[in-house]
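**Student:** Following this message is one structure expressed as C-alpha cells.
There are 2 protein chains.
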Amino acid sequence: MNDTTAQAINSASPHSDNQGVGRMRRQSSAADGQRRATVTDVARLAGVSTATVSRVLNRNYPVATATRERVEEAMRELGYVVNAHARALAGVSGRTVGIIVSEVIDPFYAYIARGVEREAALGDRLCLVCCTQGDPQRELAFIELMHERRADAVIVVGGSFADRSYTTELARRARELDAGGSKLVLCGRPPLDEPAPTASVEYDNEGGAFAITDHLLAQGHERILYLGGPPALSTTRERLAGHRRALELRGIARDPELEQLGSFSRAFGRRRMAELLKEGPEFTAVFAANDIVAAGAAQALEEAGVRVPQDMSLVGYDDIPVAQELRPRLTTVHIPLEEMGRQAVRLAVSGGDEDDWREQTTGAVRLGTHIVVRDSVAAPSKHARRV
Amino acid sequence: MNDTTAQAINSASPHSDNQGVGRMRRQSSAADGQRRATVTDVARLAGVSTATVSRVLNRNYPVATATRERVEEAMRELGYVVNAHARALAGVSGRTVGIIVSEVIDPFYAYIARGVEREAALGDRLCLVCCTQGDPQRELAFIELMHERRADAVIVVGGSFADRSYTTELARRARELDAGGSKLVLCGRPPLDEPAPTASVEYDNEGGAFAITDHLLAQGHERILYLGGPPALSTTRERLAGHRRALELRGIARDPELEQLGSFSRAFGRRRMAELLKEGPEFTAVFAANDIVAAGAAQALEEAGVRVPQDMSLVGYDDIPVAQELRPRLTTVHIPLEEMGRQAVRLAVSGGDEDDWREQTTGAVRLGTHIVVRDSVAAPSKHARRV
DNA sequence: CCATCCATAGAACGCGTTTACTGTCCGGAG
DNA sequence: CTCCGGACAGTAAACGCGTTCTATGGATGG
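First to last, the sequence lines map onto chains A and B.
Just so you know, this note's numbering puts the end of the first sequence at 387, numbered straight through with nothing missing.
Just so you know, this note's numbering puts the end of the second sequence at 1387, numbered straight through with nothing missing.
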C-alpha cells in the first residue's frame, strides 16, 4: 500500500521540463496543494541565496537586519515551513526521542512518558510514543522504526522478559543505535547481561518491596499474600525478591502458597483474591504487585465483606492516583516515575553533546523509592481469619 | 539553544577530504560510531546498483530471488538501517501522525491517544505525542513542529478556547498543512468558525450532558449544581448547554448560583464543593463537569459527612476508570474515547490516499455518547439539605 | 532472428546545510 | 590621500541518502 500510494503520487510529477522550478504543477488540480515552498523559493523572492535563508532560519551566522527581514517576510508570504527531513539529512539532529511503553493508559507508563515528553520539550525535541501491549516482538520492531527515523534516543520502559534470544536481539539493536549516534535507554528495567552500549534509569524496586513488606511485618503480620505480576517479568522478580528478603530477615519461612503471581491487571487481582478468600491459605495481609492489582483485590475484599484494614491489610506498589481514590486510601510504594522519564532523556541527550569522551556512553542512574503510609494497613485482628 | 547545539554537533565533522567516503572518520575516536552504512555500501557489497537495493527494501518491483538474498545478506552484514529522512525527502510518506493533547496522564486524553496510536500502528505509522499543558501557544508551536516533520496528520485533541486570534492562527496552520498534503484533525472540539481544510471527530457532548441532567431530573432533583470546567473551553460550554436545555425542557428556571465553573481538576472539585457545602446555595445533586472533578467533589462530600447518594446525588462525565473506583460507583456519561482517536487517524489517512477527489477534504464524524448508570444517584431526600 | 519481457544499472531529484570563496566597506597606517 | 588588513555579507556548489524514471543488456518466445 505504501508503494502504490507513493508511486501514484510521484509518478505524476517529474517528466519534461527539468529546470523549471515547477510552474506546471501549480495549475494541475483545483484544490490540490501547490508544491510546498522551498528555501530556493524563499531565496528567490527575497533576492538572496539559499545559504542566506538558511542562516536566517538558524540564526547561527550574522545576517544584516534588512536582509533578515526581507527573508522573513518572504517566508511568511510563501507560508514556508522548513522540511525537517531535508534538514536531518543534511546532518542536523532530528530533535526527536522515542519512548516505548507497553500501554499509554497505564498510569505507571503515562507518568514516565510525561517526564520524557517534558524533558524532551525543554530541548525542543518531539516525542515518538509507541505501545507494545506487552509484546517483545513489537518492542523490537518499534526500536527499528525509531532507528530509521534517527531518534536521538530510544527509551524502552518497564520490565523486561528473561528471554535469552530477546536480550541478544536487544543488545544488537543497542549497538546499531550507538553506532549511529543514538542511544538506547533502559528505563525501569535491569541492564542487559550482555555488554552493550546502553544507558539506564532504574528505581530501587527491590528496596521498595522490602520496605513495604517490612512495614507489614512490623505491624505483626506474618502470613502475607503476594498477589499478581507476570512471573517472567523483571519487575515482578525484583519485587518478589525484596518481599522475600524482608521475610527472611525476620525469620519467617516462605510459603509458596502465599506467592500468587499472575498479571498486573485489575481483573486478575479481583478474581484471584476472590478465589483465595473462598478456598485459599490463611493470611492477614496482601501485598499486591501493583496498585492496579490492589484495586482489584480491594473490590473482591469489599464484595466478600472483608473489611480493610480491620480484617485484612492491603498494600500496593507504584503510588499511582488510584491509590488515593480507594477507600481506605492505599498504603503503597512511591516511585519517582516522572523523574525517571526526565532522567532517561537527559542521560541520552547530554551524552550526545560531548562526543569527545564517549567513554561514559553507558550512563546509569538509580532513583530511590519510599513507602507512603495511608489507611489500608493495621495490625492483624486477634483471631486470625479462618476460611 | 537549538542553534548552538546543532552547530556544536556538526561543525566538527565535515572538513577536508571531500570525495573519500569517510575513510578518515573511522579511525577518529575509539568507541565513536563509524559512519552508518548507506544504500551505496549495501549495493557495493552485494554487487548491485542502489536501485536494486531500494527495490529489495520496498518490495515494489520484481527482483530475482538470488539477487534479493545477496542484498539482504549485505544489509545484515553491514547492520544497515534505512534512513527515514532520506526516504521521506525522496517523496515517500514519513509514516507519522502527530497528536497534541493537553496532558498524557489524564485518562481522557490517554484513551484517545491510545486509539490514535493503535490505528496509526495498523498503517505502520509512528505517533508523535505532545502535551500543551493547556497552553494554546504551545499547541500552535507543536503543530508547526509536526508540520516541519511532514506528519501525515496532526490531531489536536480536546476543547478549544474561544479566542479569535487563536482560531485564525489555527485556520492558517490548517491551510498550510493541507497545502502540503497533511491534514489537521480536530478531535473532540467544534469545527473552526472560519472555513479551513480540517477533518473533525466529535462526540455528542451536548447530548450527553442533556441526558445525564435529565436522568437527575427524572429522579426528582430540581436544584442541581453544575460544578467545574474552564468557562472559556468549548467542552464546558457544550456540556453546560446540554445541562441548561434539559432544565429548560422541564421548565426549571436556571439559577446562576448553581453554575460553578472553574477548572477540570480534582483539587478544584474538592475545594469548591467544600466551600459550597459550608456556605452555598441549596441543591440536592451535583453534576460534575467531568469524573475528575467528581472525584474531588466526592472526597469533599465524604469529609463533610454527606452521604452519596442518600443525601446527595453525584454524576460526572467521561466515564474514565476512576468512575468505577469511587464509592459509590459513579453514574456518568460514556464517551467512545479510543474510537475517537482511531477515527481521527482514519479520516486523515484515508483522505490522503485518494488525492483525486480532494473535495471530501473536510471529513467529519460525530460519535454518540450515553449515560452509564451506577450507584451515585438516588431520589432527593425528603427534607432538602439545609446548610 | 526479431519482438518482448525482465532484471538491473545510471542518473536525476528532493531540500536544507555548510564550506570555501568573492566582493564590500571600514578604519588606520604610511 | 592612498593602500592594506580585516570584519562583514553574501554566493556557488557540494553533500547527505534513498527513490524512481529512463535506458540497456540479455534471455525467452515466436
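Note that the Cβ used here is the ideal one computed from N, Cα and C, for glycine as well.
Values in this document were obtained by computation on a predicted structure and should not be read as measured data.
Buried or exposed: where does glutamate 359/A fall if 16 or more other Cβ atoms within 10 Å of its Cβ makes it buried?
**Tutor:** Caution is warranted here: a pLDDT of 45 is assigned to glutamate 359/A, below 50, making its placement in the model unreliable, and no coordinate value can be reported.
**Student:** If you run the structure through DSSP and keep just helix, strand and coil, what is isoleucine 99/A?
**Tutor:** Looking at isoleucine 99/A - three-state DSSP - the assignment turns out to be strand.
**Student:** Take glycine 1368/B and list the residues in its own chain whose beta-carbon comes closer than 7 Å to its own, dropping the five residues that flank it on each side.
**Tutor:** Excluding residues within five positions, the ones whose Cβ falls inside 7 Å are Asp1204.
**Student:** Quickly, what does DSSP pair serine 200/A with across the bridge? List them, please.
**Tutor:** Answer is Leu186/A and Ala364/A.
**Student:** Please classify aspartate 193/A as buried or exposed, where buried requires at least 16 neighbouring CB atoms within 10 angstroms.
**Tutor:** That one is exposed.
**Student:** How should threonine 65/A be labelled, buried or exposed, when 16 other C-beta atoms within 10 angstroms of its C-beta is the threshold for buried?
**Tutor:** When all chains shown are included, threonine 65/A counts as exposed.
**Student:** Output the distance between the C-alpha atoms of leucine 300/A and valine 156/A, rounded to the nearest integer angstrom.
**Tutor:** In the sequence as presented, leucine is not what sits at residue 300/A; that position holds alanine. Answer to the nearest angstrom: the Cα atoms are 33 Å apart.
**Student:** Under 8 Å between C-beta atoms, does leucine 1192/B make it to chain A?
**Tutor:** Not an interface residue.
**Student:** Residues of chain A with a CB under 8 Å from the CB of valine 1056/B: which are they?
**Tutor:** Neighbours of valine 1056/B on chain A: none; closest Cβ ~13 Å, over 8 Å.
**Student:** Is it right to say tyrosine 135/A is buried, meaning 16 or more other beta carbons lie within 10 angstroms of its own, or is it exposed?
**Tutor:** For the sequence presented, residue 135/A should be read as aspartate rather than tyrosine. Exposed is the call here.
**Student:** Quick check on tyrosine 80/A: buried or exposed, where buried means 16 or more other Cβ atoms within 10 Å of its Cβ?
**Tutor:** When all chains shown are included, tyrosine 80/A counts as buried.
**Student:** So, using beta-carbon positions, are alanine 289/A and leucine 227/A closer together than 8 Å?
**Tutor:** Yes; because the gap between Cβ atoms is below 8 Å, this pair is in contact.
**Student:** Would you tell me roughly how many angstroms separate the C-alpha atoms of glycine 115/A and arginine 1366/B, rounded to the nearest one?
**Tutor:** Answer to the nearest angstrom: the Cα atoms are 33 Å apart.
**Student:** How about tyrosine 1317/B: is its C-beta nearer than 8 Å to some C-beta of chain A?
**Tutor:** With 8 Å as the cut-off, tyrosine 1317/B does not count as an interface residue toward chain A.
**Student:** Round the Cβ separation of proline 1281/B and serine 1234/B to the nearest angstrom and send it over; I've been treating them as touching at under 8 Å.
**Tutor:** Wrong, their Cβ atoms sit about 27 Å apart, outside the cutoff.
**Student:** May I ask you to list, following chain order, the residues of the segment 74-85 of chain A that have a beta carbon less than 8 Å from some beta carbon of chain B?
**Tutor:** Those residues of the segment 74-85 of chain A that come within reach of chain B (Cβ to Cβ, closer than 8 Å) are Gly79, Val81, Val82, Asn83, Ala84 and His85.
**Student:** List the endpoints of the continuous alpha helix (DSSP H) containing alanine 1267/B.
**Tutor:** It spans 1266-1279 - the alpha helix (DSSP H) in which alanine 1267/B sits, taken as one unbroken run.
**Student:** Answer with yes or no whether the minimum CB distance from glutamate 1169/B to chain A is below 8 Å.
**Tutor:** Chain A contact via Cβ: absent.
**Student:** I want to verify the contact list: residues of chain A whose CB lies under 9 Å from the CB of valine 1322/B, in sequence order.
**Tutor:** Neighbours of valine 1322/B on chain A, chain order: Pro321, Val322 and Glu325.
**Student:** Please list the segments of the alpha helix (DSSP H) lying wholly inside the segment 1101-1161 of chain B, counting only runs of 4 or more residues, in order along the chain.
**Tutor:** Counting only runs of 4 or more, we get 1107-1122 and 1136-1148.
**Student:** So, with DSSP's three-state summary, where would you put serine 1054/B?
**Tutor:** Note: serine 1054/B maps to helix in three-state DSSP.
**Student:** Hey, how far is the Cα of arginine 1250/B from the Cα of isoleucine 1224/B?
**Tutor:** Answer to the nearest angstrom: the Cα atoms are 13 Å apart.
**Student:** Using a Cβ-Cβ cut-off of 8 Å, state whether leucine 1145/B counts as contacting chain A.
**Tutor:** Answer yes: the Cβ-Cβ gap between leucine 1145/B and chain A drops below 8 Å somewhere.
**Student:** Since valine 388/A and valine 97/A are thought to touch, with beta carbons under 8 Å apart, how far apart are those beta carbons, to the nearest angstrom?
**Tutor:** Nothing about residue 388/A can be read from this structure; chain A reaches only from 1 to 387.
**Student:** Are any of the Cβ atoms in chain A nearer than 8 Å to that of valine 1104/B?
**Tutor:** True, the Cβ-Cβ gap to chain A drops below 8 Å.
**Student:** As a quick exercise: from Arg1150/B, Arg1095/B, Thr1132/B and Asn1060/B, pick the residue whose alpha carbon is nearest that of arginine 87/A.
**Tutor:** Closest option to arginine 87/A, Cα to Cα, is Arg1150/B.
**Student:** Just grab the DSSP bridge partners of glutamate 1287/B for me.
**Tutor:** As written in the sequence, residue 1287/B is phenylalanine, which differs from the glutamate given in the question. DSSP lists Tyr1226/B and Val1315/B as partners of phenylalanine 1287/B.
**Student:** Just to make sure I have the definition right: I need the residues of chain A whose C-beta is within less than 8 Å of the C-beta of proline 1107/B. Which are they?
**Tutor:** Within 8 Å Cβ-Cβ: Ile105.
**Student:** Using a Cβ-based criterion (distance less than 7 Å to any ligand heavy atom), does alanine 1046/B qualify as near the ligand FMN?
**Tutor:** In the structure shown, the ligand FMN is absent, as is every other ligand, since no ligand is present at all.
**Student:** Please state whether DSSP places serine 381/A in a helix, a strand or coil.
**Tutor:** Residue state, collapsed to three classes: coil.
**Student:** Does chain A have any CB closer than 8 Å to the CB of alanine 1297/B?
**Tutor:** No - not a single Cβ of chain A is within 8 Å of the one on alanine 1297/B.
**Student:** I need the straight-line Cα distance from glycine 1033/B to valine 1101/B, nearest angstrom please.
**Tutor:** Unreliable positioning characterises glycine 1033/B in this predicted model, as indicated by a pLDDT of 44, which lies under 50. The coordinate reading is nonetheless provided below. Those two C-alpha atoms are separated by around 36 Å.
**Student:** In chain A, which residues lie less than 9 Å from tyrosine 1111/B when you measure between Cβ atoms?
**Tutor:** Within chain A, the residues near tyrosine 1111/B are Val104 and Ile105.
**Student:** Closest to valine 1293/B by C-alpha separation, out of Asp1124/B, Gln1310/B, Asp1318/B and Thr1284/B, would be which residue?
**Tutor:** For the residues Asp1124/B, Gln1310/B, Asp1318/B and Thr1284/B, the minimum Cα distance to valine 1293/B belongs to Asp1318/B.
**Student:** Taking the DSSP output, what are the residues bridged to histidine 334/A?
**Tutor:** Asp318/A and His370/A.
**Student:** Excluding sequence positions up to five away, which residues of its chain have a Cβ less than 8 Å from the Cβ of tyrosine 109/A?
**Tutor:** Around tyrosine 109/A: Val101, Ser102, Glu103, Val157 and Gly158.
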